[in-house]
Structures are given as C-alpha cells and as structure tokens.
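Some notes on the structure that comes next.
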Amino acid sequence: MKTLSLLLVVALSIISSLAVDRNNFKTCEQSGFCKRLRPFKSEKSQYALNLDTVMVHGNVLGAEVVTQDNQGEKNNVLWRYTLKLSALVDGTFRVELDESEPLYPRYRTQLALDGEPKEDSLKLISNESGKLTVVNSQGHKVIITADPLKFEFYNKNGDLAVVLNDNNQLIVEPLRVKREKIGDDDEAAAVEEDEGAWSENFKSHHDSKPRGNEAVSLDVAFPDANQVYGIPQHTDNFYLKTTTSGEPYRLYNLDVFEYELDSRMAIYGAVPVLYSHSKRHSAGVFWHNSAETWVDVVNYADETVVSSLVNLVTGGRKTRVDARFMSESGVIDVFVLLGDKPSDVFRQYTRLTGVAPLPPKFSLAYHQSRWNYADENEVRSVDEGFDANDIPADVIWLDIEYTDRKKYFTWDPEKFAHPAEMVANLTAKGRKLVVIIDPHIKREAGYFLHEDATEQGLYVKNKDGNDYEGWCWPGSSSYLDFFNPKVMDYYVKRYQFDNFPGTSKDVHIWNDMNEPSVFNGPEITMPKDCRHYKPPQDGHDGLASFWEHRHVHNEYGLFHISGTHQGVLDRAGGRYRPFVLTRSTFAGTQRYAAVWTGDNSAEWGFLEASVRMCVSLAASGISHCGSDVGGFFKYPEEELMTRWYQAAAYQPFFRAHSHIETKRREPWLYPAATMGRIRDAVRRRYALLDFWYTLFYEHSVDGLPVMRPLFQEFPEEEETFTIDDTYLLGDRLLVRPVLSEGATSVKVYFPGKDSKTLWYDTDSYQAYPGNGYTTIDVNIAKTPVYQRGGTVIFRKERVRRASPLMADDPYTVVVTLDQQNTARGSLYIDDGETYEYTKHKYTYGRLAYSADRMAYTFIDKNAHYPTRSWVERIVIAGIKNPPKSAKLVQDGKVTPLQMTLHRGNDVLVVRKPAAAMAKEWEIQFTY
C-alpha cells in the first residue's frame, strides 16, 4: 500500500466520519417543506377548475384553476393557476399546473425528456354536472371533476387506472414577497415569518431561501393495484412498501458513504417514476421535477394502522395503492402512463425520457478497476495478469490518482509519464482504458482549468454571487456550472485529443462524485442557495436572473454526463460511440451513461441488494447497471467473491472495483480453486457477449428493460409481483444468483403456469416446468440460470483475452423447445464501436425453429454487415422426436449434416453446419 498524501488522509477522515451516520442526512422532519406538507390532509381540496375558461385545441385542454378561501366562496379567489392537460402518443397524458402570474418564473426540469413528447389528439365529449370528459385517439378517457379538482384516468379497456388529487393533497405554494414584520399585531407578517418560510438551518449550515416557500405536492391513487415499483435509487425491495410508520422515500442525489441496506434514504440516484401493477392492468406516473422530493406510499394490502382503518371502514381488504409526491420547488408536471401491461408502461416511460443508445460492445464485457492502480507499471502488471491466468478482460480503469495532484485532464508526470504508450499497449491486445473526470475543479493558481473558469465565469456561484468554494478530493474546489451553454461548450472541448494529451478513441470516461459531492457542504452536497445560470429574459433581474441549486439539484449530474458524452463523441468527429459511467442518476441518464450502485461493501447483503437495485433502475429506463464486484469497502473472502462474480456475470455492467485502503483482490491473488471459479464466471460472460449486445440493440429500438422483473413477462402471475432475487434477461434467460453464505440449495421460481412454460438449465439442459418454486441444489461452482423454452440464444465458446478478438469467431446456437416444439431467437452484429450501423451496416437476423426446418432470415433486409462469423454447432434441447437426417441449404447449395443425439437429456447436436451469418440459410430435417 502506497503512502497516502496528507490531503487524501484528511479527505478520507472527513468522509469516514460520515459513514452510515444518519445524523448527517435530513429526515422529513428536518426538511422544511416535507415537515410542512406531509401532515397536510384536507377534507376538501381548495383547488377548483373554472369551467368558464375551458378550451380544447389539438391535443391540449387548457383552463384556469383557482384556490378559494376556507368557506369556498367562489368570488373570493386567493390564487390563480394555469392548467394544461395534453394527450400524447401511446396512451400517455401530461398534466401541468403553474401559477398564472408567478412573482418569478418557476423552474421546469430541462434535460430529462428526450425531446418534445409526440402529440396525440384530444376530444371533449362531455361537459356537464361539473365534470369534463375527454378522450384520446386510442379510447383512453380522462374525467376531470371541477370542484374539488380531481383527475380520473381510464385505460382503453375502461378500467380506472390512475386518479390525481383523490386525497386532496394537491398543493402549489405561491411565490410571495417577503414582508417585514411591523408590529406584534401584524398577523399577515407573522404568517410570513413562520419557521422555515425564508430561511432554514441544518446542523451548522444555513439556507437563505431567498424566494421563500415554493413547494408542490400531488397525491396519486392506483385503484386495484397490488404493488407499486420504481423511484430508484433505494436499497430496500423492488416493490415499494407502505411508509406511514416511518420515513417517506427520498429522492435527492447524495454521496452517502457506506450507505445502509433496506433503507428509504436518498443515495446517488433520483428517478421520479412510479409504476403500479395488478393482474388486470399496469399504469405509471412520471413526476417531472428535479428538486428534492419525498414520496409517501400506502399499500392497503400491507398491515398498517392506516390500511387497517380503511379496510375496516370499507368492510374488506382493499386492493389499492396511494402515493404522494412532495417537491421543494418547481411546477406540477406529471405524466400519466396508462399501459396497460408492464411492458407498455416501461416503453411509455422510455419514449418520454429516451433509451440507452447502442453501447460500444467492449462496455458489456469485463472491467477491472481499483482506487487506484498506482502507475504505468502497475497497469501493465494487471494487464499481463489476465493473460497469464487466461482470464478475459476488456478494460482497465484508473481512479483519481492518475492525475497531476487531482487536476482533471492531466496525468501525474512521474507515475503516468507515458500515457499514450500505456494506452497503446492495452489497445494492441484489444483492450481499453477508462479514466475518471469529476465535476469538482481544484482551486490552484496556474491550473489551466481553474484559471479559465475563474476568468470566464464558468463556476457555480454562492448565494452572494461569488464563485462557490467547497471541499472535495483536491481540497479547495469549485464546480463547473453545466447549466450555462458557455460552460458546456468549454467542457466538451476539454475532451479533444489535443486538449487531453495521452487519450485516444480507446480511452473512455468515468464521472464520479457528481451528485455533486461536497465534503463540507450540507448533507455532503452543494448548498441549496447556490446560483446557476439562467437564460436572460427581458425585464428579469434579481432573483429572477438565476436558478438556485435547490431547483436543479437532481439534474446537475445529468448535465455533467451529457457534456462528457458530447465531448467523447466530438473528439473523433462523431465516428465512435462513447462509453461513460456515472454515479449520479436522474430521469434520462440512460441516454448518456451506464450506472453503478456506488460505494457498497464486501457483505452478502450488498450482493443481494445489487440485484433489486439494478432491476429497479432497469424498469426506470436505466438498463446498463451493475455493482462493484466484491464490494468497494472491506475484503471479500473466497465464497463471497466467487458468488459475486457469478452473479455479476449476469448483470449488464460487469466491473470489479475496490477502495484504496482495501487489500488487493485481482482474481489470481485468490487460491487457485477460487481463481478458477472466477475465471469460469468471466468466461461465461464472454460466451454470451453477443446475446447481451443483441439485447441492448433491441432495447435501443423498443425501449424495454434488458434486466427484467418476472412480472413483466408474466403479468397475471401474482407470485411474481414481489420476487426481486430472480430476474429475466430479455425474455430468454432466467437468473437466480446465489446470494447467501453457505448455500447448498436455493428456491427458484419458475414462472409460466398458465402458458406451460419450460425452463432449461443452461448447464445440463434439464427442463423444469413453470410450476412455481422448486428447490435447486447448488455447489460453489453452480449459478442457477435457465433458458426459456421456445427461445434461441447465440453463444461464442472460443473465449479470447478480449472481446474484439472474438469478432469473427463461430457461434454455438442453443435452441430450447417449447411445448409446441418451436423456438425463435435473434442476433445483432455490427462493428461494435462506430455509428456505421446507422447507415444500415449491420446484420439483424432471426432464427426460427419448427419440427421440419430451422431458418435464419434477416429482419432488416436492407441492412448488411460483412461478418465472417459462422455456426459451428447447434444444440437443440427438449427434442422428443429426433429427425433422421438434416441438410443445410445456403446460396443454393445443399450440404448433408452430421447429428448426435443425447437421449439422457433429449438433446440433439448438429455438428459443424458451417452456416455463414452474413447470409440467410436454412436447415431442413427429415423423419
């Protein structure tokens, strides 16, 4: 272990003192707006629709909403608001509510949406008895009750799926002018000076709150729902539990060092999308707001005081889930997703916020990282270690110590004196390098980036309008204001090869600490009254001339990674696909970066949590997810390390990473038997790399998660609704990793009772029917993974040291038959790194098996990629009536094929058909 610098020791001691210390992070009671709003329960909403103002044009219903005094006198209007209800494609509706004439413009989230949502049509079909009824082109219906204001959304089957403001918890706190208290009898001024109205304290930190209270709240009901899901990141179950007896779920991006398990505390990510599901239908809501947000949940099926009272009153167990979003600022801007199946609502959400673009293929392979590989010799040693021990790896990572004293876009002049040569040594073997670039900038005279940012005004400002200074890894730091187009342009250009010498197209970027993390800030982040750029508008000055950090906090990291993505894209003229990893996440993150679950620990509980955290993120649009293999903190003993590699091999992002103070743990540093099991897990990943690549291509087309909850594919099977230790990859592989110490068996849930689905063990090809839970014996080498009957998966068994070297290797095609003796599968092939696929330079094929033939055809016949890959073996599992002969037909040529039947497990192997994947072909069977 190298000696840590004094600065790093200080920084580590600061952060270590924060580890798992709840006192450093707010509860709802300590968050002024949550404390103020959460107890609010009104018998009648004070918000009412002014029916005289209703207008419907195109896809929009517009109207005025007013609040009235407590007596409901309509001529005593307190505040006026503008309502906009929009119909969007795919059965999505948008509800927006803002002050009609706000004192200052209220912040609207900028970057989460992937462009302007596409419009549907909207028709007013009824306006009577104080209710409006509108429908879209697909027959989804919305009934708006005028007084008190309520929105009921019906799916196209006529089911009531979502209700807004059913519990009368809609609140939009109007912006006000701060009034000075004149005397003790000045009641109005006293109200203005309620605790927390114009300032707030947390520990030693003071928040000036110059705009005063500006919170928004809305309750959402899901009638007939069994469960709700989403709003990552949190460490508890994928399915969300009732919060009435504790803290709400919190969405506020924070650097929580050594975060807790089974917690609703905020951590690095905040994706405000919520899904409901029952056997009848699915639905969802996307709360389009980037401020600090708390979410309460009440599931009436849970045994709580609230649910028990409701069930007692209603005379039975109620099937319904209520939720409530509370945000510190912004406007009411909520998208209602009317499904009605899980795949429908997941697709609706990604249609709004975007899909992950097709990643470079290497990013789906194995990554080796540590804080920190100390110098070029150490990088070379690790690189050679993989070759010496026959373990494939595609990427070596460098943490902050590669820089010149924590100055980004530089290299340590002694330890990394020859970065270009170091990179070339990796790329000669088909490998890549990833380096870290964080948003904090070292305040050091002579450092070009700090000098430029100071001179050009590129930093976030403090509440007084001066450059904000905080404390992070470099010591005194300032933070680039990515909301400023001038800053973004500057930052993007930092990635040009001549501005970052030593990098090439094979060096990619890791953005960490971008919540943003500020060691001496409130809750280890930036003060809420810091100032960000706001586009100038005529007549707006003072408080209207900038956004506060409270408005944009959860979007800060999103702007950071968008700039990084653009910089990596631009540096080579837009030819190569960027790979970026981020810790901070928000809605839309998937368009720019992969995500990992942050600073976990070498404990079994964190291995278990990695599964449900990534399933939750995937359902929320972010499929490219993984965790630090082995845990960031502490040292994993042999069994835990083995099981973690085995589990992570079946998660989208596969990277080992560890803390600077932990013992080294490259695979070959473990005993030979353990290293052999790790090698096996990594090689299994590489054998399936083309399967992963195909899944990500299909995600980029249809927006569906790569890593899926079971209920997505089996929406009527109630047992699947609360399973989050087992998941699907696409619709083809079922994965149940071993997540507990000393396990000799695990319970695997095999879904598909009604459809009579079969599941085939990928090791033995033993078939299991979809009859629910089955106890499966496991030893230390076994990971329960099953291929769905009726599917085809393409594997590459000739595993090499890095994935680019496998590009033209042959395929083993695994066909698992369903009850009808049929199967289908797909395969996507391109060059793995450029955007040439957008010019139809790819191959996307489908393989369909029936009893008499197996046909490989192109899904897109206008596309072509000259792959030299071919089929060297076909494995057909579940074959009850084997054919007597087979022949390959390709290019008009007929070739007899050899077959071997394994009767013990009903497997037929077709040997060396030598079918070329760049052409269509067919295998014909005779009986």
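FYI, in mature numbering (1 follows the signal peptide of the UniProt record, and there is no 0) the residues of the sequence shown are -19 to -1, 1 to 908. All C-beta atoms in this analysis are idealised placements derived from N, C-alpha and C, irrespective of residue type, glycine included.
Asked	Found
The alpha helix (DSSP H) that contains R328, what's its start and end?	323 to 334
Touch check for the region 198 to 209 and the region 254 to 272: three-plus C-beta pairs under 8 Å?	yes
Using the Cα positions of E778 and A668, report the straight-line distance between them to the nearest angstrom.	5 Å
When you compare each of S745, S784, I840 to V795 by their alpha carbons, which one comes out closest?	S745
With DSSP as the reference, label V286 as helix, strand or coil.	For V286, the predicted structure reports a pLDDT of 49, less than 50, and the residue's modelled location is therefore unreliable. The matter cannot be settled from this model.
Indicate whether the contact test is met: 3 or more Cβ pairs, each with one atom in the region 654 to 666 and one in the region 791 to 808, closer than 8 Å.	no
Please report how far the alpha carbon of D283 lies from the alpha carbon of G227, in whole angstroms.	14 Å
Helix, strand or coil for S565 per DSSP?	coil
Measuring CB to CB, does Y28 end up less than 8 Å from P155?	no
For the beta strand (DSSP E) containing C453, list its first residue and its last residue.	451 to 453
Per the DSSP calculation, Y347 is bridged to which residue(s)?	F635
Nearest to N194 by CA position, among K16, A553, A867, is which residue?	K16
Check this for me: beta carbons of K763 and G751, under 8 Å apart or not?	no
So, for residue 921: in the same chain, excluding its five sequence neighbours on each side, which residues have a beta-carbon less than 7 Å away from its beta-carbon?	There is no way to answer for residue 921, as the model of the chain reaches only from -19 to 908.
Give the list of continuous alpha helix (DSSP H) stretches no shorter than 4 residues that lie fully inside the region 459 to 517.	466 to 474
Does the beta-carbon of S362 have 16 or more other beta-carbons within 10 angstroms, so that it is buried, or is it exposed?	exposed
For chain C, is any of its Cβ atoms less than 8 Å away from the one on L550?	The structure shown contains no chain C; it holds only a single protein chain.
Taking C-beta to C-beta, are K423 and P455 nearer than 8 Å?	yes
If we count the other Cβ atoms within 10 Å of its Cβ and call it buried at 16 or more, is L882 buried or exposed?	exposed
So for N530, helix, strand or coil by DSSP?	What sits at residue 530 in the sequence shown is His, not Asn. The answer is helix: DSSP assigns H530 an H, G or I state.
Please return the same chain residues whose Cβ sits closer than 6 Å to the Cβ of A748, not counting the five positions on each side in sequence.	L739, Y741, G859
Quick one: residues in its chain with C-beta nearer than 7 Å to the C-beta of T391, no 5 flanking neighbours on either side, listed in chain order?	T384, D385
CB N406 to CB L379, shorter than 8 Å?	no
Given 8 Å as the limit, is there contact between the region 483 to 492 and the region 557 to 565, that is, 3 or more CB pairs closer than that?	yes
Rounding to the nearest angstrom, what Cα-Cα distance links Y135 and A264 in this structure?	10 Å
Can you check whether the CB of P690 is closer than 8 Å to the CB of V729?	no
Ends of the beta strand (DSSP E) at residue 909?	It is not possible to answer for residue 909, since the shown part of the chain is limited to -19 through 908.
Buried or exposed: which applies to A653, given that a residue is buried once 16 or more other Cβ atoms fall within 10 Å of its Cβ?	exposed
Restricting to Cα atoms, I'd like to know which of D140, A142, K131, R160 is closest to N148.	K131
Is the Cβ-Cβ distance between I372 and V663 less than 8 Å?	yes
Output yes or no for whether 8 Å exceeds the beta carbon distance between H546 and V533.	no
What's the gap between the Cα of F614 and the Cα of P633?	22 Å
Which residue wins for smallest C-alpha separation from E80, given the options N57, I152, K22?	I152
Straight-line CA distance for F238 to Q879?	59 Å
Enumerated in chain order, which unbroken segments of the beta strand (DSSP E) with a length of 3 residues or greater are wholly contained in the region 821 to 871?	824 to 831, 834 to 839, 851 to 858, 866 to 871
Over the uninterrupted alpha helix (DSSP H) stretch that includes S263, give me the two end residues.	Here S263 belongs to no alpha helix (DSSP H); instead the beta strand (DSSP E) covers 263 to 268.
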